[in-house]
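Q:
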């Protein structure tokens, strides 16, 4: 009886490793994280416009959209990629102007991520 239980135990382990092994070996690749730290309606609209056509490259990065509202100046908005500021602007009450700024910010962010990826690849070559 003991030998039979041991045999079934080994059989179960072999079956489990056969089916679970490939699943355990797969790793999810982290390709980018976008964090929204906007506060006002203008900031949220900017974030929505930014993300509407966002197609992130396959690089690992953390992109943060931050906002500091001001009664006098409007909202200061900036984008950081891995703690490096890559875009900064003042938001106005005009929605179309903020959409254009979001498009510009998206272009700057993509350009920075691509440039950084190429620079890191060149460093790996040496």
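Numbering (mature numbering (1 follows the signal peptide of the UniProt record, and there is no 0)), first residue to last: -25 to -1, 1 to 101. Cβ atoms here follow ideal geometry from the backbone N, Cα and C, with glycine treated the same way.
(1) Could you give the residue range of the alpha helix (DSSP H) that holds residue 18?
(2) Could you say if the region 55 to 62 and the region 38 to 46 meet the contact criterion of at least three C-beta pairs nearer than 8 angstroms?
(3) Kindly indicate the opening and closing residues of the beta strand (DSSP E) around residue 7.
(4) Using the three-state DSSP reduction, which class does residue 41 fall into: helix, strand or coil?
(5) Going by the CB atoms, is the gap between residue 59 and residue 35 shorter than 8 angstroms?
A: The structure says:
(1) 16 to 27
(2) Yes, the region 55 to 62 is in contact with the region 38 to 46.
(3) First-last for residue 7: undefined, no H or E at that position.
(4) strand
(5) no
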